[in-house]
Each structure stands twice: as structure tokens, then as C-alpha cells.
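Residue numbers (my numbering), protein chains in the order written: chain H, 82 to 357; chain D, 955 to 1255.
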């Protein structure tokens, strides 16, 4: 990684030969935003691991008992299918638990899962506050606000990303759509949706945690049972976001990842057409 | 921001910020601001990078160690990370502490004057019997008596179901029972108000808690497994906290805690103890069956 740092700085310094010492940098992320970004990793991991263990105790989705396996839970069915079809797993001791053994704390751990879930949930709310303060202090929230052109531009960006591997294979030039904002439209849609989903997760969480004292909140989400379903699918928003997020950041290169750690980016050239 | 601005900034000192204001259009409050371009010495940037990466790495190691040590023993064993018991002594204390905070929040949300939502008869749903998978032998019912202890009179009172039904007004309510497992059911209950019993047999003045026991509970293999819950007096005094005798218009069956069970809709289902045999008022918080097994003690919802 120090290798690519040098590449970056070399590129900049050679492009501005008159000042050997100068590197142009822009501040991408406020310190508090960076902290809350990285704190989300262990907190969300804890919430999902314990959350799936809580789900195990009474799955939202159940079907009539399967006469062969006596299973009522589609996640248990998936485990049974995997153990029957994946080589090397035929001897797995408890096939219905396979999924829970791999994406949760494990089955039959409700008490400890609840304690971890509450701990992580309070940390998640505090972390949300850190993010709000950080983006207010750094002004970064303005870069996240949706724009009227976002849907069309996001579709173009999506098409570009899809085409990148094809262009690489066929060695054809494939230019990204131009944009002169901090984020491209697809990023903006994603980075705006995730805090919204986080806020919704907190609301639905409270709705199912305190369905009596906060019954008005539970009613907003269509009652206790529906609030559980909302809460469950909001988890998938995070999972479905994280996978392309990590892939694209790694593809983008060191500067993008580094800017979320040190806050500075050396990609300062883009600013020239910013106000046009 | 344009190139000229940047070049004038280059001539300034080591770290300098160019002016970002001169935009032709007045920037609206919601409008994205142009980035502030600064010039730094590569050496300084490398220094920042090194320093922050070091801090980031230390934070990551701390998070992995701290987060990992909070995971349950069995999970870590399954992942192959540890093979013997390596629970650090403060781990349980720490997890219980966070549970306690959540209990305090629940207690702060509770109000004796806030009524629980009630439902219509068409919304009643089947009520699962989570009686540990076993049903007690109904032979205890004819002999059944309710004992009250910790009263202001200093005496112990023993009541049978006929005394109770004759001396107290019966109230009905259709409320939701929410289980800690996540499922819930809407049921139509009838019985006396716990508050009325408290008025008729006042507890001793220093009482803050109620210990409620059922001696007829069975474990999963049908062995006797006495069940007991702790309940704060404030919840016992809630107008919708019932000592129920009827479910869906019929006397309680053995599965649902005949002849008398607690219905406290402001609490999780596990506090709604069945087949109550003894009520004791205490000054200190009594033990609770599920709290001893790692669940919350307050369970307010």
C-alpha cells in the first residue's frame, strides 16, 4: 500500500513541476464521519449475527411442517438442501441449523443474542448521532441529497459498471459518465439510502421492542407483525449495499479507501469544473 | 473554483486553503459546496497517512478483540477460534450492564396511566401454549389455593377461586401477548384486577416488588420445574394487569394456567405466569426464572 501512495503523489507532483513540494488535496470526509463509518462495521456485524439468532426463535416466514423434515422454516430448508447437495457436507451433524451456524451466533442462543442485540442497537443509535454531527460539521450531508437527475444518471453509471469487465476483456475503451459532484449519481442514491435505512431500522426496532408503550410507532409500520417483517428486510438493505460497496471501493483504488481513513484525497483536479 | 485560484494558492504557504466563496450564483443552503483544495507537502501527507493508518489499525485490532470477546462461548468454539472456556470474568457483567440500561429505558417509558391498545373480538388469534412442551396433571386444581405473603397485616392469607370470584369485580379485555421469542397473539381475557387485590390485601409499606410463584410448572421432560417471576408493584397496579380466570369466554384450561394466571400486557409473555399459587410482596427485587437464565429482569414492552 505505501507503493500506491507514492504513485499517487508522484503523479500529482510531476503534473505540477513548478512546485516540487506541493500536493493538492481535498478533504473528503470529516473525522466524525470516518469514525462512524468504520464503527458501523463491527456494530452492523453484531446486529446481524445476533438478529438472525433472534429470528431463529420465531421465524417471520414459516410454512406448513414438511412431512419429511418437520421443518417450518425456509432457512432450515436451505440448510437441509445445502447439506444434501454440497460435497463434503453430507455428514453435517445438524443440517437444519447449517444456515444459522454460518450467518448467526447459532441456534438456541436467544438470551445472549438479545443482550448483544440491545448493546449493538444502542451503539448503532449513538453512532448514527456521531454521523449526523460529523456530516453537519463537515457539510458533507449536502453531497448526499438526491437530485432530480439522479435516477437517469444512476442508471447510466450502473450501465458503465456493468460494462467495465466486458470492456477490460475486449480491450475496448469504456469511459465513465462525467460528473462534477463529490459523488456520482449511483453513489449518491446508495449513500443517501443507507442512512435512511439505518434510521428506519432504528424505528422498526423500537416498534417491535416496545410495541405497547410506543404502540403509535408500531401502528405506523402496520402493527407488530408487519414491523418485524420491515425490520427483517431492512437488514437485507445493508447486506445488499455492502457487497457492491466493498467491491467498487477496491476497484476504485487506494485513494478512495485512504480518504475514508485519513480524510484527504489527492484527486483534487476534479474541482476545476465544479462550478460550471 | 478555477485553475487560477488554485495556482494562486500554490504560491501561498505549505498548507493553505483557497477561497471557495466566489461563485456566480448565490449557493443555496442545500446546494453542494465546492471542495476546498489545499496544498500540502508530500512529506506531510505521508505523515498523516502513516499516523492515521496506524490509529486505524489499532482501532481495528481493538474492535476485533473487544467484539470477539463479547461473542458467546459456543459461537467462538464453532468458529474454531477457541477450544476451551476463556470467558473473561467481566464479560457477563458488561453484557448485563447493557441489558440493565435497556431495562431502565423500558421503566422510563412505562406509565401506569398509559393504557394498552385493545382489540375487537374479530381480531382474536390462536394463542400458543408455550408450557415448556408439557402439560401439568390437572389433579392440583381441586386443591388449589392462592397464598398471599408480605402483607401489611403481617398475616398470610389463603384464598380459593370461589373467594376470589365472589369478592372481586370481573374485568374483560382483549389485548396482545408478546413473547420474547418474537411471536404474538391477541386474546380475550377476563379476571380480577391485580390492583383490586392489592387494595383488599394491602402489602407491607416497604414493598416495591412482587414475587409470583407457580408450583405446578413442568420442565420439557415433564419433571416438576417450579416457575417464578418478579414483578414491580407499579406494573401490578396497572389497570390492565389482571389475575385472569377466563380465556376467550371460558374458564382457563390447564394449558393456559387454570385456575388463575397473570395477564400483564405491558410485559413480555414470560412474566405472564400461569397457575399462580403464591404471591409475596417484598422490598428487594426477587429472583426471576428467566432473568437467572440470561434474559432481562424488567421485560417491559
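All residues carry an ideal CB built from backbone N, CA and C; glycine is no exception.
What does DSSP give as the partner residue(s) for residue i in the beta ladder?
i               : result
residue 1127(D) : 1143(D)
residue 107(H)  : 346(H), 991(D)
residue 1233(D) : 1102(D), 1166(D)
residue 1254(D) : 1221(D)
residue 1111(D) : 1102(D)
residue 1138(D) : 1132(D)
residue 1216(D) : 1197(D)
Just mark residue i as buried or exposed, buried being the case when its beta carbon has 16 or more other beta carbons within 10 Å.
i               : result
residue 1003(D) : buried
residue 265(H)  : buried
residue 965(D)  : Residue placement at residue 965(D) is flagged as unreliable, the pLDDT there being 41, under the threshold of 50; the coordinate-derived value follows with that caveat. By the 10 Å Cβ count, residue 965(D) comes out exposed.
residue 1018(D) : exposed
residue 256(H)  : exposed
residue 1204(D) : exposed
residue 1126(D) : exposed
residue 434(H)  : With chain H running from 82 to 357 in the structure shown, residue 434(H) is simply not present.
residue 160(H)  : buried
residue 983(D)  : exposed
residue 142(H)  : exposed
residue 1005(D) : exposed
residue 1241(D) : exposed
residue 236(H)  : exposed
residue 1163(D) : buried
residue 977(D)  : For residue 977(D), the predicted structure reports a pLDDT of 48, less than 50, and the residue's modelled location is therefore unreliable. A value from the coordinates is still provided. Under this definition residue 977(D) is an exposed residue.
residue 975(D)  : At residue 975(D) the pLDDT is 46, less than 50, meaning the model places this residue with poor confidence; the figure from the coordinates comes in the next sentence. Residue 975(D) should be labelled exposed.
residue 1194(D) : buried
residue 314(H)  : exposed
residue 1141(D) : buried
residue 218(H)  : exposed
residue 1123(D) : exposed
residue 1093(D) : exposed
residue 1221(D) : buried
Under 8 Å Cβ-Cβ, which residues of chain H neighbour residue i?
i               : result
residue 1197(D) : Per Cβ cutoff of 8 Å: no residues; residue 1197(D) is ~19 Å from chain H at best.
residue 984(D)  : 223, 226
residue 1013(D) : 119
residue 1162(D) : Correct list: empty, because the minimum Cβ distance to chain H is about 21 Å.
residue 991(D)  : 105, 106, 107, 349, 352
Can you pull the chain D residues whose beta carbon is under 8 Å from the beta carbon of residue i, in chain order?
i              : result
residue 203(H) : 1052, 1055, 1056
residue 182(H) : 1032
residue 305(H) : 1130, 1132, 1138
Taking C-beta pairs closer than 9 Å, name the residues in chain H that residue i reaches, listed in chain order.
i               : result
residue 1249(D) : 191, 192, 195, 196
Can you pull the chain D residues whose beta carbon is under 9 Å from the beta carbon of residue i, in chain order?
i              : result
residue 291(H) : 1059, 1060, 1063, 1254, 1255
residue 314(H) : Correct list: empty, because the minimum Cβ distance to chain D is about 15 Å.
residue 237(H) : Here the premise fails: no neighbours, minimum Cβ distance about 19 Å.
Interface residues of chain D around residue i at Cβ under 7 Å?
i              : result
residue 123(H) : 1017, 1021
residue 199(H) : 1052, 1053, 1056
residue 296(H) : 1071
residue 220(H) : 987
Does the beta-carbon of residue i, which I'm using as the reference point, lie nearer than 8 Å to any heavy atom of the ligand MN?
i               : result
residue 1045(D) : Absence of the ligand MN from the depicted structure is noted, as is the absence of any ligand whatsoever, leaving it without description.
Report the neighbours of residue i on chain H: residues whose CB is nearer than 7 Å to its CB, in chain order.
i               : result
residue 1029(D) : 186, 187
residue 1026(D) : 186, 190, 193
residue 1068(D) : 294
Quiz item: In the stretch 156 to 180 of chain H, which residues sit with their C-beta less than 7 Å from some C-beta in chain D, listed in chain order?
Solution: none
Quiz item: Any residues in the stretch 994 to 1011 of chain D with a beta carbon nearer than 9 Å to a beta carbon of chain H? Which ones, in chain order?
Solution: 994, 995, 996, 997, 998, 999, 1000, 1002, 1003, 1004, 1005, 1006, 1007, 1009, 1010
Quiz item: For the stretch 1149 to 1207 of chain D, which segments carrying the beta strand (DSSP E) assignment without a break, of at least 3 residues, lie completely within its bounds, in sequence order?
Solution: 1163 to 1168, 1181 to 1186, 1196 to 1201
Quiz item: Closer than 8 Å, Cβ to any Cβ of chain D: which residues of the stretch 259 to 278 of chain H, in chain order?
Solution: Listed by position along the chain: 262, 263.
Quiz prompt | Ordered list of alpha helix (DSSP H) runs contained in the stretch 155 to 242 of chain H, each at least 4 residues | solution = 155 to 166, 179 to 184, 191 to 219
Practice problem: Output, in sequence order along the chain, the residues in the stretch 1105 to 1139 of chain D whose CB is closer than 8 Å to any CB in chain H. | Solution: 1130, 1132, 1133, 1134, 1135, 1136, 1137, 1138
Exercise. Below 7 Å between beta carbons is the criterion; list the residues of the stretch 128 to 154 of chain H that meet it against any residue of chain D, in chain order.
Key: Sequence-ordered contacts of the stretch 128 to 154 of chain H with chain D read 135, 138, 139 [C-beta pairs closer than 7 Å].
Exercise. With 8 Å as the limit, tell me which residues of the stretch 328 to 349 of chain H have their beta carbon closer than that to any beta carbon of chain D; keep them in chain order.
Key: Correct list: 339, 342, 343, 344, 345, 347, 349.
Exercise. May I ask you to list, following chain order, the residues of the stretch 1211 to 1231 of chain D that have a beta carbon less than 7 Å from some beta carbon of chain H?
Key: 1219, 1220
Self-check item: Residues from the stretch 1073 to 1095 of chain D in contact with chain H, defined by Cβ distance under 9 Å
Solution: none
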